[in-house]
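Q: Could you have a look at this structure, given as structure tokens, before my questions?
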């Protein structure tokens with residue numbers, strides 16, 4: 050590495066990943082580090098919170114929105130961050146009609162996805178996420194996201210969390226806080 054005056058500038062990388070010997074326009078050594086960059090860089094993930102239900106089997110024959118009991122809590126680090134919430138699990142339907150999943154924040158719908166799960170014994174991986182959104186939250190104040198669902202029609206029983214062995218499968222709801 051050479052300086053502007055063409056003199057050689059020694060650069061040292063030690064075993065902990067610290068780089069020394071670089072001139073940073075007069076900034077003191079160590080004032081910008083990996084942790085500082087990771088928590089402030091636009092698009093970086095500030096935190097991830099996940100709630101899991103294992104070996105759970107849910108069935109429903111209703112067109113009314115019903116709480117699945119799966120919810121995730123997150124306490125934002127930054128006031129102006131964005132959030133993405135994702136559900137993953139298994140589902141099926143007793144007829145050719147499907148079901149609709151909805152993610153809510155404090156009882157307000159923030160994302161919805163219809164699932165056209167074919168009837169019979171076919172199981173489908175179900176995964177959907179909200180678009181990145183900017184919630185009106187305050188850093189340090191816990192927020193809760195819940196998963197709701199309903200059948201598309203009343204002649205249709207829908208199932209979540211049932212797996213190939215009918216013993217239940219894992220369902221998860223994950224919230225990411227992202228710097229903006």
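Numbering (this note's numbering), first residue to last: 50 to 229.
For glycine and all other residues, C-beta sits at the position ideal for the given N, C-alpha and C.
Measure from the alpha carbon of residue 133 to the alpha carbon of each residue in 218, 119, 101 and 184, then state which is nearest.
A: It is 184 whose Cα lies nearest to the Cα of residue 133.
Q: My assumption, with CB atoms under 8 Å, is that residue 151 sits in contact with residue 161. Please give the rounded CB distance.
A: That belief holds up - the Cβ atoms of residue 151 and residue 161 are roughly 5 Å apart, short of 8 Å.
Q: On the CB-based measure, 16 or more other CB atoms within 10 Å of its CB, does residue 194 come out buried or exposed?
A: So residue 194 ends up on the buried side.
Q: Kindly indicate which three-state DSSP category residue 100 falls into: helix, strand or coil?
A: It is a strand residue.
Q: Can you round the beta-carbon distance between residue 130 and residue 226 to whole angstroms, since I take them to be within the 8 Å contact cut?
A: Confirmed, about 5 Å.
Q: Would you kindly work out how many angstroms separate the C-alpha atoms of residue 91 and residue 148, rounded to a whole number?
A: One C-alpha to the other measures close to 36 Å.
Q: Ignore the nearest five residues each way along the sequence and tell me which others in residue 188's own chain have a CB closer than 7 Å to its CB.
A: Within the same chain, residue 188 has close Cβ partners 125, 126, 127 and 128.
Q: Relative to the C-alpha of residue 137, which candidate in 108, 119 and 204 has its C-alpha closest?
A: Checked all of 108, 119 and 204; the closest Cα to residue 137 is 119.
Q: Could you spell out the range, first to last residue, of the beta strand (DSSP E) harbouring residue 148?
A: Where residue 148 is concerned, the enclosing beta strand (DSSP E) stretches over 148-154.
Q: If you reduce the DSSP assignment to three classes, tell me which class residue 228 lands in.
A: Three-state result, residue 228: coil.
Q: Could you pull out every residue in the same chain whose Cβ sits closer than 7 Å to the Cβ of residue 182, ignoring the five residues on either side in sequence?
A: Taken in chain order, the residues that qualify are 131, 132 and 159.
Q: Pull the bridge partners of residue 94 from the DSSP assignment, please.
A: Answer by DSSP bridge pairing, in chain order: 227.
Q: Which of the three DSSP states, helix, strand or coil, is assigned to residue 188?
A: Looking at residue 188 - three-state DSSP - the assignment turns out to be coil, as it is neither helix nor strand.
Q: So for residue 198, helix, strand or coil by DSSP?
A: Reduced to three states, the DSSP call for residue 198 is strand.
Q: If you draw a straight line from the alpha carbon of residue 180 to that of residue 95, how long is it in whole angstroms?
A: Going by the C-alpha atoms only, they are around 17 Å apart.
Q: Tell me which same chain residues have a C-beta within less than 8 Å of the C-beta of residue 111, skipping the five on either side of it?
A: 199, 200 and 203, listed in sequence order.
Q: Do you know offhand how far residue 156's Cα is from residue 116's?
A: The alpha-carbon atoms of residue 156 and residue 116 are separated by roughly 10 Å.
Q: Among 196, 229, 97 and 114, whose alpha-carbon lies nearest the alpha-carbon of residue 220?
A: Taking only the C-alpha atoms, the option nearest residue 220 is 196.
Q: CA-CA distance, residue 98 and residue 228?
A: Those two C-alpha atoms are separated by around 15 Å.
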